[in-house]
Amino acid sequence: MNPLKTVAANIFDLEKDRAPLEEIAERIHSGGTLKGTNMCILILAIFIASIGLNMNSTAVIIGAMLISPLMGVIMSLGYGMATYDSAYVRESFLKLVFQVILSVLTSAVYFTLSPIDTASTELLARTEPTIWDVLIAIFGGLAGIIGSTRIEKSNVIPGVAIATALMPPLCTAGYGLATYSPKFFFGALYLFFINSFFICLTTFIVLKFIKIPAKTYVSEQVFRRQRWLLSLLGVLIILPSMYMAYQSIRNNLEHAQVKAYIESNFQQGNPQVVAFHLTPQEKKLDLTLIGRTVTDEEQAELEKKLQTYSHFADWNLHIIQNDLSGTVRAEDVQNLINTQWNAAGGASLAKAQEDLRKYKELSMRYSPAYQRFEADQELLANIREKAPILFPAFAGIEGAAIATENKEGQIVYTGFLAIITCKATLDEDEQARLQKWLNAEAELPVSFILKILPEAK
1 MNPLKTVAAN
11 IFDLEKDRAP
21 LEEIAERIHS
31 GGTLKGTNMC
41 ILILAIFIAS
51 IGLNMNSTAV
61 IIGAMLISPL
71 MGVIMSLGYG
81 MATYDSAYVR
91 ESFLKLVFQV
101 ILSVLTSAVY
111 FTLSPIDTAS
121 TELLARTEPT
131 IWDVLIAIFG
141 GLAGIIGSTR
151 IEKSNVIPGV
161 AIATALMPPL
171 CTAGYGLATY
181 SPKFFFGALY
191 LFFINSFFIC
201 LTTFIVLKFI
211 KIPAKTYVSE
221 QVFRRQRWLL
231 SLLGVLIILP
241 SMYMAYQSIR
251 NNLEHAQVKA
261 YIESNFQQGN
271 PQVVAFHLTP
281 QEKKLDLTLI
291 GRTVTDEEQA
301 ELEKKLQTYS
311 HFADWNLHII
321 QNDLSGTVRA
331 EDVQNLINTQ
341 WNAAGGASLA
351 KAQEDLRKYK
361 ELSMRYSPAY
371 QRFEADQELL
381 ANIREKAPIL
391 FPAFAGIEGA
401 AIATENKEGQ
411 IVYTGFLAII
421 TCKATLDEDE
431 QARLQKWLNA
441 EAELPVSFIL
451 KILPEAK
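In UniProt numbering, the protein residues as written are 1 to 457.
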(Lines of atoms letter the chains of each structure in order from A and count residues from 1; the text may use other names and numbers.)
(Lines give C-alpha, C1' and ligand atoms only; values in the text may rest on other atoms or scores of the structure.)
Protein backbone atom coordinates (compact mmCIF):
# COMPACT_ATOMS: atom_id res chain seq x y z
CA MET A 1 0.00 0.00 0.00
CA ASN A 2 1.19 3.52 -0.77
CA PRO A 3 2.88 4.99 2.36
CA LEU A 4 1.02 8.28 1.92
CA LYS A 5 -2.30 6.46 1.78
CA THR A 6 -1.36 4.53 4.90
CA VAL A 7 -0.51 7.72 6.80
CA ALA A 8 -3.71 9.42 5.60
CA ALA A 9 -5.79 6.38 6.54
CA ASN A 10 -4.32 6.39 10.05
CA ILE A 11 -4.81 10.15 10.50
CA PHE A 12 -8.40 10.19 9.27
CA ASP A 13 -9.44 6.83 10.72
CA LEU A 14 -12.97 7.28 12.10
CA GLU A 15 -13.24 3.69 13.31
CA LYS A 16 -10.50 3.74 15.95
CA ASP A 17 -12.38 5.66 18.67
CA ARG A 18 -15.92 5.20 17.33
CA ALA A 19 -18.62 4.44 19.87
CA PRO A 20 -20.68 1.25 19.46
CA LEU A 21 -23.43 1.63 16.86
CA GLU A 22 -26.11 0.99 19.49
CA GLU A 23 -24.75 3.83 21.63
CA ILE A 24 -24.65 6.18 18.62
CA ALA A 25 -28.28 5.35 17.86
CA GLU A 26 -29.26 5.95 21.49
CA ARG A 27 -27.51 9.34 21.58
CA ILE A 28 -29.20 10.51 18.39
CA HIS A 29 -32.63 9.27 19.50
CA SER A 30 -32.18 11.01 22.86
CA GLY A 31 -31.18 14.30 21.23
CA GLY A 32 -34.18 14.16 18.89
CA THR A 33 -36.86 13.84 21.54
CA LEU A 34 -39.30 16.69 22.14
CA LYS A 35 -40.55 15.66 25.56
CA GLY A 36 -39.66 16.97 29.00
CA THR A 37 -36.29 18.67 29.31
CA ASN A 38 -35.69 19.28 25.61
CA MET A 39 -39.04 21.04 25.19
CA CYS A 40 -38.48 23.30 28.21
CA ILE A 41 -34.97 24.17 27.06
CA LEU A 42 -36.24 24.92 23.54
CA ILE A 43 -38.75 27.50 24.84
CA LEU A 44 -36.13 29.09 27.10
CA ALA A 45 -33.63 29.22 24.23
CA ILE A 46 -36.21 30.98 22.04
CA PHE A 47 -36.68 33.76 24.58
CA ILE A 48 -32.96 34.07 25.31
CA ALA A 49 -32.12 34.33 21.60
CA SER A 50 -34.95 36.84 20.98
CA ILE A 51 -33.78 39.06 23.83
CA GLY A 52 -30.16 38.82 22.67
CA LEU A 53 -31.11 39.80 19.12
CA ASN A 54 -33.35 42.59 20.38
CA MET A 55 -30.63 44.02 22.65
CA ASN A 56 -27.85 43.33 20.13
CA SER A 57 -25.97 41.20 22.66
CA THR A 58 -23.65 38.64 21.07
CA ALA A 59 -22.94 36.92 24.39
CA VAL A 60 -26.64 36.30 25.06
CA ILE A 61 -27.17 34.96 21.52
CA ILE A 62 -24.24 32.55 21.96
CA GLY A 63 -25.84 31.35 25.20
CA ALA A 64 -29.07 30.58 23.33
CA MET A 65 -27.13 28.68 20.65
CA LEU A 66 -25.42 26.54 23.28
CA ILE A 67 -28.60 25.39 25.04
CA SER A 68 -30.84 25.05 21.97
CA PRO A 69 -31.84 21.40 21.25
CA LEU A 70 -32.61 22.06 17.57
CA MET A 71 -29.53 20.26 16.24
CA GLY A 72 -30.61 16.99 17.85
CA VAL A 73 -33.76 16.73 15.73
CA ILE A 74 -31.85 17.62 12.53
CA MET A 75 -29.27 14.91 13.22
CA SER A 76 -32.14 12.48 13.90
CA LEU A 77 -33.48 13.28 10.44
CA GLY A 78 -30.08 12.47 8.92
CA TYR A 79 -29.91 9.26 10.96
CA GLY A 80 -33.32 8.16 9.66
CA MET A 81 -32.20 8.80 6.09
CA ALA A 82 -28.95 6.86 6.62
CA THR A 83 -30.82 3.84 8.06
CA TYR A 84 -33.64 4.08 5.49
CA ASP A 85 -36.18 4.23 8.32
CA SER A 86 -39.02 6.11 6.61
CA ALA A 87 -41.19 6.18 9.73
CA TYR A 88 -38.37 7.72 11.77
CA VAL A 89 -37.63 10.25 9.00
CA ARG A 90 -41.29 11.28 8.96
CA GLU A 91 -41.38 11.57 12.77
CA SER A 92 -38.16 13.62 12.90
CA PHE A 93 -39.33 15.88 10.08
CA LEU A 94 -42.62 16.62 11.86
CA LYS A 95 -40.72 17.35 15.08
CA LEU A 96 -38.46 19.78 13.23
CA VAL A 97 -41.42 21.52 11.58
CA PHE A 98 -43.11 21.84 14.99
CA GLN A 99 -39.95 23.33 16.54
CA VAL A 100 -39.57 25.79 13.67
CA ILE A 101 -43.19 26.98 13.88
CA LEU A 102 -43.02 27.24 17.68
CA SER A 103 -39.75 29.20 17.56
CA VAL A 104 -40.93 31.64 14.89
CA LEU A 105 -44.33 32.28 16.52
CA THR A 106 -42.90 32.64 20.04
CA SER A 107 -40.23 35.09 18.92
CA ALA A 108 -42.86 36.97 16.87
CA VAL A 109 -44.95 37.39 20.03
CA TYR A 110 -41.88 38.65 21.91
CA PHE A 111 -40.94 41.19 19.23
CA THR A 112 -44.56 42.35 18.96
CA LEU A 113 -44.61 43.13 22.70
CA SER A 114 -41.06 44.51 22.88
CA PRO A 115 -40.86 48.33 22.96
CA ILE A 116 -37.59 48.16 20.97
CA ASP A 117 -38.45 47.59 17.31
CA THR A 118 -35.21 48.82 15.72
CA ALA A 119 -33.36 46.15 13.74
CA SER A 120 -30.04 45.47 15.48
CA THR A 121 -26.88 44.50 13.61
CA GLU A 122 -27.30 40.95 14.95
CA LEU A 123 -30.72 40.76 13.26
CA LEU A 124 -29.45 42.28 10.02
CA ALA A 125 -26.55 39.81 9.89
CA ARG A 126 -28.99 36.92 9.45
CA THR A 127 -30.98 38.21 6.48
CA GLU A 128 -28.56 37.61 3.59
CA PRO A 129 -26.91 34.17 3.82
CA THR A 130 -24.02 33.53 1.45
CA ILE A 131 -21.87 30.63 0.29
CA TRP A 132 -19.75 31.08 3.43
CA ASP A 133 -22.79 30.13 5.53
CA VAL A 134 -23.08 26.97 3.40
CA LEU A 135 -19.43 26.12 4.10
CA ILE A 136 -19.90 26.76 7.83
CA ALA A 137 -22.94 24.47 7.84
CA ILE A 138 -21.04 21.72 5.99
CA PHE A 139 -17.92 21.84 8.18
CA GLY A 140 -20.00 22.34 11.32
CA GLY A 141 -22.26 19.42 10.45
CA LEU A 142 -19.27 17.17 9.78
CA ALA A 143 -17.67 18.14 13.08
CA GLY A 144 -20.97 17.62 14.90
CA ILE A 145 -21.71 14.11 13.69
CA ILE A 146 -18.07 12.99 14.01
CA GLY A 147 -18.05 14.28 17.60
CA SER A 148 -21.36 12.53 18.35
CA THR A 149 -20.06 9.16 17.16
CA ARG A 150 -16.95 9.12 19.40
CA ILE A 151 -16.57 7.03 22.55
CA GLU A 152 -15.62 10.04 24.67
CA LYS A 153 -17.79 13.14 24.56
CA SER A 154 -15.92 16.36 23.77
CA ASN A 155 -16.61 20.08 23.36
CA VAL A 156 -17.32 19.61 19.64
CA ILE A 157 -21.12 19.82 19.92
CA PRO A 158 -21.17 23.18 21.78
CA GLY A 159 -18.73 24.57 19.21
CA VAL A 160 -20.89 23.35 16.33
CA ALA A 161 -23.98 24.84 17.97
CA ILE A 162 -22.29 28.25 18.05
CA ALA A 163 -20.87 27.98 14.52
CA THR A 164 -24.06 26.87 12.77
CA ALA A 165 -26.36 29.14 14.81
CA LEU A 166 -29.74 27.44 14.35
CA MET A 167 -31.85 29.37 16.84
CA PRO A 168 -31.02 33.03 15.93
CA PRO A 169 -32.29 32.74 12.31
CA LEU A 170 -35.65 31.43 13.52
CA CYS A 171 -35.98 34.31 15.99
CA THR A 172 -34.98 36.72 13.22
CA ALA A 173 -37.78 35.24 11.11
CA GLY A 174 -40.08 35.91 14.08
CA TYR A 175 -38.93 39.52 14.05
CA GLY A 176 -39.74 39.70 10.35
CA LEU A 177 -43.20 38.29 11.05
CA ALA A 178 -43.81 40.76 13.88
CA THR A 179 -42.68 43.76 11.80
CA TYR A 180 -44.19 42.58 8.48
CA SER A 181 -40.73 42.52 6.89
CA PRO A 182 -40.38 39.88 4.12
CA LYS A 183 -36.62 40.51 3.93
CA PHE A 184 -36.07 39.45 7.55
CA PHE A 185 -38.61 36.60 7.42
CA PHE A 186 -37.52 34.85 4.22
CA GLY A 187 -33.82 35.72 4.50
CA ALA A 188 -33.57 34.25 8.00
CA LEU A 189 -35.61 31.15 7.10
CA TYR A 190 -33.30 30.58 4.13
CA LEU A 191 -30.28 30.73 6.45
CA PHE A 192 -31.95 28.24 8.81
CA PHE A 193 -32.78 25.96 5.88
CA ILE A 194 -29.14 26.07 4.70
CA ASN A 195 -27.88 25.12 8.16
CA SER A 196 -30.50 22.40 8.67
CA PHE A 197 -30.07 20.78 5.26
CA PHE A 198 -26.28 20.58 5.36
CA ILE A 199 -26.17 19.37 8.97
CA CYS A 200 -28.66 16.67 7.94
CA LEU A 201 -26.70 15.86 4.77
CA THR A 202 -23.32 15.61 6.52
CA THR A 203 -24.92 13.44 9.23
CA PHE A 204 -26.21 11.13 6.49
CA ILE A 205 -22.80 10.99 4.75
CA VAL A 206 -20.76 10.26 7.90
CA LEU A 207 -23.20 7.62 9.16
CA LYS A 208 -23.06 5.89 5.77
CA PHE A 209 -19.25 6.13 5.91
CA ILE A 210 -19.08 4.36 9.28
CA LYS A 211 -21.50 1.76 7.88
CA ILE A 212 -24.50 2.34 10.11
CA PRO A 213 -26.81 -0.62 9.40
CA ALA A 214 -29.97 0.00 7.37
CA LYS A 215 -33.30 -0.94 8.92
CA THR A 216 -34.44 -2.62 5.72
CA TYR A 217 -32.71 -3.83 2.58
CA VAL A 218 -32.30 -1.09 -0.02
CA SER A 219 -31.40 -1.77 -3.64
CA GLU A 220 -28.56 0.04 -5.38
CA GLN A 221 -31.12 1.75 -7.62
CA VAL A 222 -32.93 3.30 -4.62
CA PHE A 223 -29.63 4.41 -3.08
CA ARG A 224 -28.55 5.98 -6.40
CA ARG A 225 -31.86 7.85 -6.70
CA GLN A 226 -31.57 9.12 -3.11
CA ARG A 227 -28.02 10.31 -3.75
CA TRP A 228 -29.11 12.09 -6.96
CA LEU A 229 -32.02 13.85 -5.22
CA LEU A 230 -29.83 15.01 -2.32
CA SER A 231 -27.20 16.32 -4.74
CA LEU A 232 -29.82 18.19 -6.77
CA LEU A 233 -31.38 19.69 -3.64
CA GLY A 234 -27.94 20.72 -2.39
CA VAL A 235 -27.15 22.53 -5.64
CA LEU A 236 -30.53 24.31 -5.64
CA ILE A 237 -29.92 25.48 -2.07
CA ILE A 238 -26.37 26.64 -2.78
CA LEU A 239 -27.14 28.69 -5.92
CA PRO A 240 -28.97 31.62 -4.20
CA SER A 241 -26.25 31.79 -1.54
CA MET A 242 -23.57 32.03 -4.24
CA TYR A 243 -25.44 34.91 -5.85
CA MET A 244 -25.74 36.65 -2.46
CA ALA A 245 -22.01 36.13 -1.88
CA TYR A 246 -21.28 37.72 -5.26
CA GLN A 247 -23.52 40.66 -4.34
CA SER A 248 -21.82 41.02 -0.97
CA ILE A 249 -18.32 41.01 -2.47
CA ARG A 250 -19.33 43.50 -5.16
CA ASN A 251 -20.93 45.83 -2.60
CA ASN A 252 -17.85 45.71 -0.38
CA LEU A 253 -15.54 46.50 -3.29
CA GLU A 254 -17.79 49.32 -4.49
CA HIS A 255 -17.95 50.88 -1.02
CA ALA A 256 -14.18 50.58 -0.62
CA GLN A 257 -13.62 52.33 -3.96
CA VAL A 258 -16.14 55.08 -3.12
CA LYS A 259 -14.37 55.77 0.17
CA ALA A 260 -11.01 55.89 -1.61
CA TYR A 261 -12.50 58.24 -4.21
CA ILE A 262 -13.90 60.57 -1.52
CA GLU A 263 -10.62 60.60 0.43
CA SER A 264 -8.72 61.39 -2.75
CA ASN A 265 -10.96 64.18 -4.07
CA PHE A 266 -12.46 65.77 -0.94
CA GLN A 267 -9.38 65.75 1.29
CA GLN A 268 -9.48 69.48 2.09
CA GLY A 269 -12.90 69.21 3.75
CA ASN A 270 -14.57 72.05 1.84
CA PRO A 271 -16.99 70.96 0.57
CA GLN A 272 -17.49 68.03 2.92
CA VAL A 273 -19.12 64.72 1.96
CA VAL A 274 -21.71 63.94 4.63
CA ALA A 275 -23.30 60.92 2.89
CA PHE A 276 -23.16 58.82 -0.24
CA HIS A 277 -25.64 56.44 -1.86
CA LEU A 278 -25.06 53.86 -4.60
CA THR A 279 -27.79 52.99 -7.12
CA PRO A 280 -26.40 50.05 -9.14
CA GLN A 281 -29.54 49.74 -11.29
CA GLU A 282 -29.07 53.28 -12.60
CA LYS A 283 -25.26 53.19 -12.28
CA LYS A 284 -25.36 56.37 -10.25
CA LEU A 285 -23.41 57.63 -7.24
CA ASP A 286 -25.14 60.27 -5.11
CA LEU A 287 -22.87 62.46 -2.97
CA THR A 288 -24.41 64.73 -0.34
CA LEU A 289 -22.19 67.76 0.30
CA ILE A 290 -22.12 70.69 2.68
CA GLY A 291 -19.88 73.72 2.39
CA ARG A 292 -18.69 75.44 -0.77
CA THR A 293 -20.83 74.89 -3.86
CA VAL A 294 -19.32 72.62 -6.53
CA THR A 295 -19.50 74.17 -10.01
CA ASP A 296 -20.68 72.28 -13.12
CA GLU A 297 -17.11 72.17 -14.42
CA GLU A 298 -15.84 70.73 -11.13
CA GLN A 299 -18.64 68.14 -11.10
CA ALA A 300 -17.74 67.05 -14.65
CA GLU A 301 -14.11 66.67 -13.59
CA LEU A 302 -15.11 64.73 -10.47
CA GLU A 303 -17.24 62.39 -12.60
CA LYS A 304 -14.28 61.70 -14.88
CA LYS A 305 -12.15 60.85 -11.85
CA LEU A 306 -14.90 58.54 -10.55
CA GLN A 307 -14.91 56.65 -13.85
CA THR A 308 -11.22 55.83 -13.48
CA TYR A 309 -12.19 53.33 -10.74
CA SER A 310 -12.83 49.82 -12.09
CA HIS A 311 -16.30 49.40 -10.57
CA PHE A 312 -17.50 52.82 -11.76
CA ALA A 313 -16.20 52.96 -15.34
CA ASP A 314 -19.62 53.87 -16.79
CA TRP A 315 -21.30 55.39 -13.71
CA ASN A 316 -22.70 58.91 -13.37
CA LEU A 317 -22.07 61.28 -10.46
CA HIS A 318 -24.99 63.12 -8.90
CA ILE A 319 -24.17 65.79 -6.31
CA ILE A 320 -26.75 66.90 -3.76
CA GLN A 321 -25.79 70.25 -2.25
CA ASN A 322 -27.08 73.57 -1.00
CA ASP A 323 -25.79 76.94 -2.14
CA LEU A 324 -23.69 77.57 0.95
CA SER A 325 -21.04 80.22 1.32
CA GLY A 326 -19.41 78.85 4.43
CA THR A 327 -21.53 78.65 7.57
CA VAL A 328 -23.95 75.75 7.71
CA ARG A 329 -27.38 76.66 9.05
CA ALA A 330 -30.01 74.40 10.59
CA GLU A 331 -32.22 74.88 7.51
CA ASP A 332 -29.39 73.74 5.25
CA VAL A 333 -28.82 70.56 7.22
CA GLN A 334 -32.57 69.92 7.28
CA ASN A 335 -32.86 70.44 3.52
CA LEU A 336 -30.14 67.86 2.95
CA ILE A 337 -31.87 65.42 5.30
CA ASN A 338 -35.17 65.95 3.50
CA THR A 339 -33.49 65.27 0.15
CA GLN A 340 -31.94 62.06 1.42
CA TRP A 341 -35.22 61.03 3.04
CA ASN A 342 -37.24 61.53 -0.13
CA ALA A 343 -34.66 59.54 -2.10
CA ALA A 344 -34.74 56.61 0.35
CA GLY A 345 -38.50 55.96 0.54
CA GLY A 346 -39.94 52.50 1.15
CA ALA A 347 -40.95 52.89 4.81
CA SER A 348 -44.47 52.85 6.15
CA LEU A 349 -46.11 56.25 6.56
CA ALA A 350 -46.28 56.11 10.36
CA LYS A 351 -42.67 55.02 10.74
CA ALA A 352 -41.59 57.51 8.10
CA GLN A 353 -43.20 60.39 9.97
CA GLU A 354 -41.69 59.28 13.28
CA ASP A 355 -38.20 58.92 11.78
CA LEU A 356 -38.49 62.27 10.03
CA ARG A 357 -39.43 63.90 13.34
CA LYS A 358 -36.32 62.38 14.94
CA TYR A 359 -34.15 63.59 12.07
CA LYS A 360 -35.54 67.09 12.46
CA GLU A 361 -34.76 67.06 16.18
CA LEU A 362 -31.21 65.91 15.48
CA SER A 363 -30.87 68.57 12.81
CA MET A 364 -31.85 71.34 15.23
CA ARG A 365 -29.73 69.84 17.97
CA TYR A 366 -26.49 69.42 16.03
CA SER A 367 -26.71 72.39 13.69
CA PRO A 368 -24.68 74.51 16.19
CA ALA A 369 -21.88 71.94 15.91
CA TYR A 370 -21.63 72.53 12.15
CA GLN A 371 -21.69 76.28 12.68
CA ARG A 372 -19.05 76.09 15.40
CA PHE A 373 -16.73 74.01 13.23
CA GLU A 374 -16.71 76.73 10.57
CA ALA A 375 -16.24 79.41 13.25
CA ASP A 376 -13.32 77.50 14.80
CA GLN A 377 -11.56 77.25 11.44
CA GLU A 378 -11.96 80.98 10.86
CA LEU A 379 -10.73 81.75 14.40
CA LEU A 380 -7.62 79.57 14.01
CA ALA A 381 -6.82 81.13 10.63
CA ASN A 382 -7.18 84.61 12.16
CA ILE A 383 -4.88 83.73 15.08
CA ARG A 384 -2.25 82.22 12.76
CA GLU A 385 -2.23 85.50 10.83
CA LYS A 386 -2.06 87.93 13.77
CA ALA A 387 -0.17 86.06 16.50
CA PRO A 388 3.32 86.07 14.87
CA ILE A 389 3.19 89.89 14.80
CA LEU A 390 2.28 90.18 18.50
CA PHE A 391 4.28 87.17 19.68
CA PRO A 392 7.43 86.57 17.58
CA ALA A 393 7.99 83.14 19.16
CA PHE A 394 4.57 81.93 17.92
CA ALA A 395 4.82 79.11 15.32
CA GLY A 396 1.34 77.56 15.02
CA ILE A 397 -1.95 76.65 16.69
CA GLU A 398 -4.52 73.85 16.58
CA GLY A 399 -7.67 73.74 18.65
CA ALA A 400 -11.44 73.53 18.96
CA ALA A 401 -14.27 74.75 21.12
CA ILE A 402 -15.23 72.60 24.12
CA ALA A 403 -18.85 71.39 23.79
CA THR A 404 -21.26 70.16 26.44
CA GLU A 405 -25.02 69.75 26.86
CA ASN A 406 -27.15 71.97 29.06
CA LYS A 407 -30.21 70.85 31.04
CA GLU A 408 -32.42 71.29 27.97
CA GLY A 409 -30.22 68.92 25.96
CA GLN A 410 -28.82 71.68 23.77
CA ILE A 411 -25.15 71.84 22.80
CA VAL A 412 -23.35 74.82 24.33
CA TYR A 413 -19.70 75.90 24.22
CA THR A 414 -17.95 76.65 27.50
CA GLY A 415 -14.37 77.19 26.40
CA PHE A 416 -11.69 76.72 23.79
CA LEU A 417 -8.81 74.24 24.00
CA ALA A 418 -5.68 74.99 21.98
CA ILE A 419 -2.25 73.48 21.39
CA ILE A 420 0.21 76.29 20.61
CA THR A 421 3.62 75.63 19.07
CA CYS A 422 6.40 78.15 19.79
CA LYS A 423 9.91 78.64 18.49
CA ALA A 424 11.15 79.60 21.97
CA THR A 425 10.01 79.34 25.58
CA LEU A 426 7.58 82.03 26.78
CA ASP A 427 8.05 83.53 30.24
CA GLU A 428 5.10 83.96 32.63
CA ASP A 429 4.33 87.54 31.54
CA GLU A 430 4.26 86.58 27.86
CA GLN A 431 2.03 83.58 28.62
CA ALA A 432 -0.38 85.80 30.58
CA ARG A 433 -0.47 88.33 27.72
CA LEU A 434 -1.07 85.53 25.21
CA GLN A 435 -3.86 84.16 27.41
CA LYS A 436 -5.61 87.51 27.59
CA TRP A 437 -5.31 88.08 23.85
CA LEU A 438 -6.63 84.59 23.00
CA ASN A 439 -9.63 85.03 25.33
CA ALA A 440 -10.51 88.25 23.51
CA GLU A 441 -10.11 86.69 20.06
CA ALA A 442 -12.10 83.54 20.86
CA GLU A 443 -14.71 85.31 23.02
CA LEU A 444 -14.45 82.22 25.22
CA PRO A 445 -12.15 81.19 28.09
CA VAL A 446 -9.10 79.64 26.40
CA SER A 447 -7.01 76.82 27.85
CA PHE A 448 -3.81 76.11 25.99
CA ILE A 449 -0.86 73.76 26.02
CA LEU A 450 2.53 75.12 24.93
CA LYS A 451 4.79 72.98 22.76
CA ILE A 452 8.33 74.14 22.00
CA LEU A 453 9.84 73.16 18.67
CA PRO A 454 12.74 70.68 19.14
CA GLU A 455 15.34 72.95 17.51
CA ALA A 456 14.48 75.70 20.03
CA LYS A 457 15.28 73.56 23.04
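Beta carbons are placed, not taken as given, at the ideal position from N, Cα and C, and that holds for glycine.
Identify the continuous alpha helix (DSSP H) that holds residue 473 and give its terminal residues.
A query on residue 473 cannot be resolved here, the shown segment of the chain reaching from 1 to 457 and no further.
Per-residue DSSP class, three states only, for residue 84
Coil, per DSSP.
Beta-carbon proximity list for residue 400, same chain, < 7 Å, skipping 5 on both sides
Around residue 400: 376, 417.
Please state whether DSSP places residue 292 in a helix, a strand or coil.
The three-state secondary structure of residue 292, taken from DSSP, is strand.
For residue 385, which residues from the same chain have a beta carbon less than 6 Å from its beta carbon, with the 5 sequence-adjacent residues on both sides left out?
Contacts found: none.
What separation, rounded to the nearest whole angstrom, lies between the Cα atoms of residue 352 and residue 132?
Confidence at residue 352 is low in this model, with a pLDDT of 48, below 50, so its placement is unreliable and no value can be given for it.
What did DSSP end up calling residue 212 once you bin it into helix, strand or coil?
Looking at residue 212 - three-state DSSP - the assignment turns out to be coil, as it is neither helix nor strand.
Straight-line CA distance for residue 129 to residue 439?
Rounded to whole angstroms, residue 129 to residue 439 spans 58 Å at the Cα level.
Delimiting residues of the alpha helix (DSSP H) encompassing residue 136:
131–148 is the span of the alpha helix (DSSP H), which, as asked, contains residue 136.
Per DSSP, what kind of secondary structure is residue 316 in: helix, strand or coil?
Note: residue 316 maps to strand in three-state DSSP.
Pull up the distance between the alpha-carbon of residue 463 and that of residue 257, whole angstroms please.
No answer is possible for residue 463: it lies beyond the span of the chain, which begins at 1 and ends at 457.
Pair every Cβ in the stretch 231–248 with every Cβ in the stretch 110–119, then say whether three or more of these pairs are closer than 8 Å.
Taking 8 Å as the limit for Cβ pairs, the verdict is that the stretch 110–119 does not touch the stretch 231–248.
Which same chain residues, not among the five before or five after residue 28, have their C-beta less than 6 Å away from its C-beta?
75, 76, 79.
Where does residue 272 fall in DSSP's three states?
Residue state for residue 272 is assigned as strand, using DSSP reduced to three classes.
For residue 25, report the span of its beta strand (DSSP E) as first-last.
Judged by DSSP secondary structure, residue 25 falls outside any beta strand (DSSP E) and instead within the alpha helix (DSSP H) spanning 21–31.
Can you tell me which residues form a DSSP beta bridge with residue 396?
421, per the DSSP bridge assignment.
Could you give the DSSP three-state label for residue 415: helix, strand or coil?
Residue 415 falls in the strand class under three-state DSSP.
With a CB to CB cut of under 6 Å and the five nearest residues on each side skipped, what residues in its chain are close to residue 156?
The residues are 143, 147.
Where DSSP assigns a beta bridge to residue 403, which residues make up the other side?
Note: residue 403 sits in a beta bridge opposite 413.
In whole angstroms, what separates the C-alpha of residue 314 from that of residue 174?
In this structure, the straight-line span from the alpha carbon of residue 314 to that of residue 174 is close to 41 Å.
Residues of its chain near residue 19, where Cβ-Cβ distance is below 7 Å and the 5 sequence neighbours each way are ignored
Excluding sequence positions up to five before and after residue 19, its CB lies within less than 7 Å of the CB of 149, 150, 151, all in the same chain and listed in chain order.
So is residue 199 buried or exposed if we call it buried at 16+ other beta carbons inside 10 Å?
It is buried - the Cβ of residue 199 has at least 16 other Cβ atoms within 10 Å.
Between residue 437 and the rest of its own chain, which residues show a CB-CB distance below 7 Å, the 5 nearest in sequence each way excluded?
Around residue 437, the same chain offers 390 as residues with beta carbons nearer than 7 Å, after the five sequence neighbours per side are excluded.
With DSSP as the reference, identify every bridge partner of residue 450, one or two as the case may be.
DSSP lists 420 as partners of residue 450.
From 24, 46, 312, 188, residue whose alpha carbon lies closest to that of residue 206:
Of the candidates 24, 46, 312, 188, 24 places its Cα closest to the Cα of residue 206.
DSSP on residue 58, reduced to helix/strand/coil?
DSSP places residue 58 in helix when its eight states are reduced to three.
Contact under 8 Å by Cβ, residue 296 with residue 320:
It is not a contact, given that the beta carbons lie outside the stated cut-off.
Which residues in the same chain as residue 421 place their Cβ atom closer than 6 Å to its Cβ, once the five residues preceding and following it in sequence are excluded?
Correct list, in chain order: 395, 396, 451.
Residues near residue 89 in its chain [Cβ-Cβ closer than 8 Å; skip 5 each side]
Cβ within range, chain order: 77, 80, 81.
Report the rounded CA-to-CA distance for residue 92 versus residue 34, giving the unit in angstroms.
About 10 Å.
Would the stretch 117–129 and the stretch 176–189 be scored as touching if the rule is three or more Cβ pairs under 8 Å?
The stretch 117–129 vs the stretch 176–189: in contact.
Status (buried if at least 16 other CB within 10 Å, exposed otherwise) for residue 381:
Residue 381 is exposed by the Cβ-count criterion.
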